[in-house]
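Novice: My structure is below; once you've seen it, I'll send some questions.
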Amino acid sequence: MAKKATKKSQKSTSASASASKPARIADGKMVFKITSTEKMKKAVTNRSRLRSAKPITTLKKKAMKIEATKPKKPPTAFFYFLEDFRKGFQEQNPDVKSMRDVGKACGEKWKTMTYEEKVHYYDIATEKRAEFDRAVADYIKRKESGEDQEAGESDFDEDY
DNA sequence: TGTGTGATTGTTATT
DNA sequence: AATAACAATCACACA
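In case it helps, my numbering puts the first sequence at residues 68 to 227.
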């Protein structure tokens, strides 16, 4: 019991020198509901996808091995729960086709879950983060070691 | 044909 | 300290 959340102090992250400038959107996630110009929304998310620094083509098909890209954020505990919850949800509600409904139901249940149940997913997420952290370190190391560090800071990843 | 969108919370990163 | 944004998934819609 009392499995305290293992909050380990992260590394100093002194590598912040590279300070890549994420194209953050001032508006944040609040997307103006403009039915007329849906393209605007696309533009917003488009930037997000831009971070992928890879051809948008088949972006959703990430199932493909992505070894040429830097490690992305690992799914959070909630996402792991969502993955599991989604399976059962589809069985009980085959009528539901959208993930939105599943997300709502999952989020609602997530709040009702106790720490003991959630800790299970937290544990997984924590472990994944550790691996992710290592992957990042390795990625950086490889980048510096393998490829010449980009002396000229490229403002944006021009596509690819 | 192909990609964007929507919704959930958590974690990370930047300011 | 606080805010911002992204992390995955799947069916649908639009150009």
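Even glycine gets a Cβ: it sits at the ideal position worked out from N, Cα and C.
With distances taken Cα to Cα, identify the nearest neighbour of residue 142 among 193, 154, 186.
Specialist: Of 193, 154, 186, the residue nearest in Cα terms is 193.
Novice: Roughly how many whole angstroms lie between the Cα atoms of residue 153 and residue 208?
Specialist: The straight-line gap from Cα to Cα measures roughly 37 Å.
Novice: Determine the DSSP secondary structure at residue 137, reduced to helix, strand or coil.
Specialist: Coil.
Novice: Does the Cβ of residue 206 have 16 or more other Cβ atoms within 10 Å, making it buried, or fewer, making it exposed?
Specialist: So residue 206 ends up on the exposed side.
Novice: Thinking just about the alpha-carbon of each residue, which of 204, 200, 185 is nearest to the one in residue 145?
Specialist: Among 204, 200, 185, the Cα nearest to that of residue 145 is on 185.
Novice: Just tell me which of 188, 182, 196, 148 has its CA closest to the CA of residue 171.
Specialist: Residue 148 is the option with its Cα nearest to residue 171.
Novice: So for residue 208, helix, strand or coil by DSSP?
Specialist: Reduced to three states, the DSSP call for residue 208 is helix.
Novice: Using the C-alpha atoms, what's the distance from residue 190 back to residue 137?
Specialist: When rounded, the distance between both Cα atoms is 24 Å.
Novice: Distance, Cα to Cα, residue 188 vs residue 161?
Specialist: In a straight line, the C-alpha of residue 188 is about 25 Å away from that of residue 161.
Novice: Leaving out five residues before and five after residue 173 in sequence, what residues of the same chain have Cβ atoms less than 6 Å from its Cβ?
Specialist: Excluding residues within five positions, the ones whose Cβ falls inside 6 Å are 149, 152.
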